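**Student:**
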Amino acid sequence: MNIRENIKPEQVYLTRTGESTIISINNLSKIFGTNVVLKNINLEIKKGEFLTIFGPNGAGKTTLVKIMSTLVSPTSGKVLIDGVDIKENPVGIRKKIGVISHDTYLYTELTAAENLRFFGKMYDVLDTEARIDELLERVGLKYRKNDRVGTFSRGMKQRLSIARALIHDPPILFLDEPYTGLDQHASATFDRILSGTNAHDKTRVLISHDIERGISFCNRAIILANGHIAYEMNDTELGDLLKCKTIYDKLVEENK
Amino acid sequence: MKFLHIAWKDLKAEFRTKQMLNSMVMFSFLVIVIFSFAFGKESSIYISVIDRKIVDLLAPGMLWIAFTFAGMLGLSRSFAGEKEEGCLEGLKLCPVDRSDIYNGKVISNTVLMFLMEITTIPLFIVLFSYEIKNIPGLLLVVLLGTLGFIFVGTLLSALTVNTRTREILLPVILFPVLIPVILSAVTATGVLLAAGSIFEIAGELRILVIFDVIFFIVAQLVFEYTIED
Numbered sequence: 001m002n003i004r005e006n007i008k009p010e011q012v013y014l015t016r017t018g019e020s021t022i023i024s025i026n027n028l029s030k031i032f033g034t035n036v037v038l039k040n041i042n043l044e045i046k047k048g049e050f051l052t053i054f055g056p057n058g059a060g061k062t063t064l065v066k067i068m069s070t071l072v073s074p075t076s077g078k079v080l081i082d083g084v085d086i087k088e089n090p091v092g093i094r095k096k097i098g099v100i101s102h103d104t105y106l107y108t109e110l111t112a113a114e115n116l117r118f119f120g121k122m123y124d125v126l127d128t129e130a131r132i133d134e135l136l137e138r139v140g141l142k143y144r145k146n147d148r149v150g151t152f153s154r155g156m157k158q159r160l161s162i163a164r165a166l167i168h169d170p171p172i173l174f175l176d177e178p179y180t181g182l183d184q185h186a187s188a189t190f191d192r193i194l195s196g197t198n199a200h201d202k203t204r205v206l207i208s209h210d211i212e213r214g215i216s217f218c219n220r221a222i223i224l225a226n227g228h229i230a231y232e233m234n235d236t237e238l239g240d241l242l243k244c245k246t247i248y249d250k251l252v253e254e255n256k
Numbered sequence: 257m258k259f260l261h262i263a264w265k266d267l268k269a270e271f272r273t274k275q276m277l278n279s280m281v282m283f284s285f286l287v288i289v290i291f292s293f294a295f296g297k298e299s300s301i302y303i304s305v306i307d308r309k310i311v312d313l314l315a316p317g318m319l320w321i322a323f324t325f326a327g328m329l330g331l332s333r334s335f336a337g338e339k340e341e342g343c344l345e346g347l348k349l350c351p352v353d354r355s356d357i358y359n360g361k362v363i364s365n366t367v368l369m370f371l372m373e374i375t376t377i378p379l380f381i382v383l384f385s386y387e388i389k390n391i392p393g394l395l396l397v398v399l400l401g402t403l404g405f406i407f408v409g410t411l412l413s414a415l416t417v418n419t420r421t422r423e424i425l426l427p428v429i430l431f432p433v434l435i436p437v438i439l440s441a442v443t444a445t446g447v448l449l450a451a452g453s454i455f456e457i458a459g460e461l462r463i464l465v466i467f468d469v470i471f472f473i474v475a476q477l478v479f480e481y482t483i484e485d
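Each protein sequence line maps, in turn, to chains A and B. Quick note on numbering: the first sequence equals residues 1 to 256 in the numbering used here. Quick note on numbering: the second sequence equals residues 257 to 485 in the numbering used here.
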């Protein structure tokens with residue numbers, strides 16, 4: 001079955017893919033102590049592309065995203081974002097990326113507006129108040145603007161974390177298993193918000209275990225297993241959920 | 257100036273609950289009150305056995321025990337609070353130098369520590385019947401001693417934040433480094449409580465200033481590595 005046929009046009013994040021490469025990963029390896037987490041990764045991500053990275057636990061997906069988002073230094077190899085080595089100008093790179101993770105990065109003692117105001121100042125956002133109102137409206141939390149985040153449900157926190165990640169309108173979004181802990185309704189709301197305005201202008205990298213959700217919106221998917229890119233799914237495979245699941249299960253089994 | 261936003265955020269969150277400040281103030285009050293029962297005017301053994309001179313010798317140490325132990329409560333929570341909801345990672349993703357995170361934490365920790373100290377000192381003065389003649393001098397010693405404590409403590413708090421036994425580990429690794437600060441601050445406080453002049457503690461002040469400058473610079477240089485994953 002082709003699950004992508006049922007997706008409404010506005011739900012498709014990627015409507016066009018730019019020609020230029022925005023993220024370039026060359027011979028990237030990461031070793032923690034004696035544990036080799038990433039082995040010689042080579043990957044190019046085009047501007048406007050939606051890439052999904054699948055992989056079992058311990059495959060190195062989160063480490064890969066942490067390296068791309070400057071949180072972790074690679075042991076060897078290079079990561080270029082917009083042609084700039086992340087080691088050379090990490091502060092500049094951080095202005096270009098937004099990260100939505102299973103952790104919300106929100107301060108529970110502060111209100112929704114205070115959280116966004118703080119991150120707005122950290123990212124030098126001009127006209128922060130207007131931006132806060134716009135984003136809270138978009139994630140459906142304007143009515144809770146002045147309520148403490150500690151009183152929010154998991155789904156509301158995750159929606160607010162989208163606003164936090166988008167406060168500086170970054171051209172690149174990393175989504176590290178953002179659906180963790182969300183129920184079906186909250187996940188659908190999360191998808192709807194993410195596919196909102198300007199979504200097609202952004203380059204997105206999603207990390208997921210959920211094959212169905214992961215392939216729904218992407219235009220490219222890779223499977224990471226045992227620290228290396230084990231498989232890259234083609235367009236035909238991406239349209240066939242069952243095939244994707246079979247390939248994924250087979251690769252995970254092979255790379256145990 | 258982004259470190260000011262970080263400090264402001266920390267203080268705003270803290271003053272909303274006052275969880276840490278209340279714990280610090282209560283702890284320092286308890287220390288001072290218990291010591292006053294043992295050695296102060298209320299002590300039954302004070303009049304007959306303990307000489308005022310002995311109290312003068314012990315009092316500055318008691319004051320700094322209250323400051324450092326209460327301050328430890330704040331320091332251990334300084335970065336641990338950022339672990340909730342993965343906030344430390346969110347902070348590290350912001351386009352700021354790592355030293356801005358350190359400086360912001362230093363400011364918020366210092367403000368909390370000072371609030372605890374300025375509420376503890378009057379209680380100490382009353383319970384131990386001191387008449388402070390050189391209040392600016394005492395405040396200078398408290399300021400320099402506190403800065404030394406905070407500069408090292410904030411750095412080590414970041415270092416221990418990912419360990420499971422951070423509440424135990426932090427004091428264990430912090431106090432040996434703080435020996436020059438505590439010795440100098442206790443000696444200088446003792447001189448000032450005994451109505452000594454600022455010139456008598458010039459050596460201690462020099463040590464405190466040098467310690468503060470060295471550890472502030474060292475922290476700026478190494479902080480990045482202490483919060484690396």
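Cβ atoms here follow ideal geometry from the backbone N, Cα and C, with glycine treated the same way. Since this is a predicted model, take the numbers as computed values, not measurements.
#1: Would residue 118 of chain A pass as an interface residue toward chain B - the criterion being a Cβ-Cβ separation below 8 Å?
#2: Given this structure, state the Cα-to-Cα distance separating residue 71 of chain A from residue 445 of chain B, to the nearest angstrom.
#3: What residues of chain A sit near residue 349 of chain B, judged by a beta carbon separation below 8 Å?
#4: Between residue 117 of chain A and the rest of its own chain, which residues show a CB-CB distance below 7 Å, the 5 nearest in sequence each way excluded?
#5: Give me, in chain order, the residues of the same chain whose beta-carbon lies closer than 6 Å to that of residue 245 of chain A; leave out the 5 immediate sequence neighbours on both sides.
#6: Comparing C-alpha positions only, which one of B:422, B:457 and B:425 sits nearest to residue 439 of chain B?
#7: Going by beta-carbon coordinates alone, are residue 203 of chain A and residue 48 of chain A separated by less than 8 Å?
#8: Return the residue from the list B:276, B:459 and B:400 that minimises the CA-CA distance to residue 333 of chain B.
#9: What residue from B:461, B:318 and B:261 has the CA that sits closest to residue 396 of chain B's CA?
#10: I'd like to check one pair, residue 442 of chain B with residue 317 of chain B: are the Cβ atoms closer than 8 Å?
#11: Over what stretch of residues does the beta strand (DSSP E) that includes residue 43 of chain A continue unbroken?
#12: Would you say residue 108 of chain A lies against chain B (beta-carbon separation less than 8 Å)?
#13: Mind checking which residues open and close the beta strand (DSSP E) that includes residue 101 of chain A?
#14: Could you please tell me which residues of the region 118-138 of chain A, in chain order, have their CB closer than 9 Å to any CB of chain B?
#15: Nearest to residue 225 of chain A by CA position, among A:57, A:240 and A:110, is which residue?
#16: Should residue 485 of chain B go down as buried or exposed, given a rule of 16 or more other Cβ atoms within 10 Å for buried?
#17: What alpha helix (DSSP H) runs, 4 residues minimum, are completely inside the region 168-201 of chain A?
#18: Identify whether residue 228 of chain A lies in helix, strand or coil by the three-state DSSP scheme.
#19: Going along chain B in order, which residues have a C-beta closer than 7 Å to the C-beta of residue 66 of chain A?
#20: With burial defined as no fewer than 16 other Cβ atoms inside 10 Å of the residue's Cβ, what is the status of residue 369 of chain B: buried or exposed?
**Tutor:** Answer, in terms of the structure:
#1: The sequence position of residue 118 of chain A within the first sequence is 118, counting from 1. With 8 Å as the cut-off, residue 118 of chain A counts as an interface residue toward chain B.
#2: In the first sequence, residue 71 of chain A corresponds to position 71, counting from 1. In the second sequence, residue 445 of chain B corresponds to position 189, counting from 1. Distance between the alpha carbons of residue 71 of chain A and residue 445 of chain B: 44 Å.
#3: Taking the first residue of the second sequence as position 1, residue 349 of chain B is located at position 93. In chain order: 69, 70, 71, 94, 97, 99 and 105.
#4: If you number the first sequence from 1, residue 117 of chain A lands on position 117. Within the same chain, residue 117 of chain A has close Cβ partners 128 and 132.
#5: Translated into positions along the first sequence, residue 245 of chain A becomes position 245. 211, listed in sequence order.
#6: Position 183 of the second sequence, counting from 1, holds the residue named residue 439 of chain B. Taking each of B:422, B:457 and B:425 in turn and checking the Cα distance to residue 439 of chain B, the smallest one comes out for B:457.
#7: Counted from its first residue, the first sequence places residue 203 of chain A at position 203. Counted from its first residue, the first sequence places residue 48 of chain A at position 48. Closer than 8 Å, so yes.
#8: Residue 333 of chain B sits at position 77 when you count from the first residue of the second sequence. Residue 333 of chain B has its Cα closest to that of B:276, out of B:276, B:459 and B:400.
#9: For the purposes of this step, residue 396 of chain B is taken as the residue at position 140 of the second sequence. Taking only the C-alpha atoms, the option nearest residue 396 of chain B is B:461.
#10: Position 61 of the second sequence, counted from the start, is the residue given in the question as residue 317 of chain B. Position 186 of the second sequence, counted from the start, is the residue given in the question as residue 442 of chain B. In this structure, residue 442 of chain B lies closer than 8 Å to residue 317 of chain B by Cβ.
#11: For the purposes of this step, residue 43 of chain A is taken as residue 43 along the first sequence, with counting starting at 1. Note, residue 43 of chain A: beta strand (DSSP E), 35-46.
#12: Residue numbering aside, residue 108 of chain A sits at position 108 when the first sequence is read from its first letter. Yes, residue 108 of chain A counts as interfacial toward chain B.
#13: As a first step, residue 101 of chain A must be located in the first sequence, where it is residue number 101. 97-101 is the extent of the beta strand (DSSP E) around residue 101 of chain A.
#14: 118, 119, 121, 122, 123 and 124
#15: Numbered from its first residue, the first sequence carries residue 225 of chain A at position 225. Here the closest residue by C-alpha is A:57.
#16: Residue 485 of chain B sits at position 229 when you count from the first residue of the second sequence. By the 10 Å Cβ count, residue 485 of chain B comes out exposed.
#17: 184-194
#18: Here residue 228 of chain A refers to the residue found at position 228 of the first sequence. DSSP places residue 228 of chain A in strand when its eight states are reduced to three.
#19: Taking the first residue of the first sequence as 1, we reach residue 66 of chain A at position 66. Chain B residues near residue 66 of chain A: 485.
#20: Position 113 of the second sequence, counted from the first residue, corresponds to residue 369 of chain B. Residue 369 of chain B is buried by the Cβ-count criterion.
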